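Report on the structure given below.
2 protein chains.
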Amino acid sequence: MSEPDVFAALANPTRRELLRLLREEGQQPVQRLADRFDMRRPSLSEHLRVLKDAGLVTEQPVGRQRFYALRPEPLRELADWLTPYERFWRSRLAGLREVLDDVPDE
Amino acid sequence: MSEPDVFAALANPTRRELLRLLREEGQQPVQRLADRFDMRRPSLSEHLRVLKDAGLVTEQPVGRQRFYALRPEPLRELADWLTPYERFWRSRLAGLREVLDDVPDE
DNA sequence: AGCATAGGTAGGAGATTTCCTACCGGTCAA
DNA sequence: TTGACCGGTAGGAAATCTCCTACCTATGCT
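Chain order of the listed sequences is S and D.
Going left to right, the first sequence walks through residues 1 to 106 as my numbering numbers them.
Going left to right, the second sequence walks through residues 1 to 106 as my numbering numbers them.
And the structure:
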């Protein structure tokens, strides 16, 4: 993961919800995003800054508004990070291989 | 994500390294994992507990050892979580589509 | 039995996160 | 230009995270 701490950025549910809104509704100014949360605007600003630092959103000033938009590249990198784990769930056999000398217990 | 806080579990680099070791080398007892880290064993135990709570590893006692093994299901769920974002990086056109319907304001 | 080993729990220090209120600068409209 | 609005920064409180040392239990070995 080249971007600074994408995992940490995704660890917070508010930030994941922000990404979902930007994905489903497209780019939006801060206030319109803030309306969706039971949280003061400065806190939202902070979350947006974390997302921006992680490269997950871009910011574009338009007049006195700032539109935030999804930037998906770090998520593609996350998908790449997941790739080597795929065989563990894609192939039942591969999964079993790992757990082979298991007595089913708790 | 059904498992409790898989995202939070993945936010820590030590825990991601633990998952990588279990993926590449298969299940191992705690001490053998701890040898790979510049960290005291109780701290490692704590990380393993977080991974276990997130459903990312299983624990199997064998004598006085406990073997930890990768449990990939939550990672598959993470891949599922990523799916709706795929079109944003898979299709350049789809990405543009989002930027196009610039809603100027609320 | 006696001792060593594997690995967990207890509890605490310091860093970080996540929220808040107060405030500030920039932009638009009258 | 004055005032309202957008959204950021400052700074702090409380919670959580990440590490530590000290200690405990359980298992295996001799």
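Idealized CB from N, CA, C, for every residue including glycine.
This structure is a prediction, so every number in the text was calculated from the model and none was measured.
DSSP-derived helix/strand/coil call for residue i
i, result
"D/P42", "helix"
"D/F37", "coil"
"D/A79", "helix"
"D/V103", "For D/V103, the predicted structure reports a pLDDT of 38, less than 50, and the residue's modelled location is therefore unreliable. The matter cannot be settled from this model."
"S/R66", "strand"
"S/R87", "helix"
"D/Q27", "coil"
"D/P13", "helix"
"D/P74", "helix"
"D/L51", "helix"
Chain-order list of residues whose beta-carbon lies under 7 Å from that of residue i (same chain, five-residue window excluded)
i, result
"S/E46", "none"
"D/R23", "L70"
"S/L44", "V30, L33, A34 and F37"
"S/D102", "Only weak support exists for where S/D102 lies, its pLDDT of 39 falling under 50; the value from the coordinates is given anyway. Hits under 7 Å: none found."
"D/A9", "R15, V50, L51, A54 and L56"
Chain-ordered neighbours of residue i on chain S, where CB pairs are closer than 7 Å
i, result
"D/P72", "Y85, F88, W89 and G95"
"D/R76", "W89"
"D/L10", "F7"
Cβ-based neighbour list, residue i, same chain, cut-off 8 Å, excluding 5 preceding and 5 following
i, result
"D/R66", "P29, V30, E59 and Q60"
"S/L21", "Q28, L33 and R36"
Proximity test, residue i beta-carbon vs the ligand SAM heavy atom, cut-off 6 Å
i, result
"S/V50", "The ligand SAM is absent from the structure shown, which contains no ligand whatsoever."
Contact list for residue i against chain D, beta-carbon separation under 9 Å
i, result
"S/R66", "The contacting residues do not exist; S/R66 stays about 12 Å from chain D at best."
Chain-ordered chain S contacts of residue i [CB-CB under 8 Å]
i, result
"D/L82", "L75, L78, A79 and L82"
Worksheet entry | Near-chain S residues of the stretch 30 to 56 of chain D - C-beta to any C-beta below 8 Å | Cβ contacts with chain S: none found.
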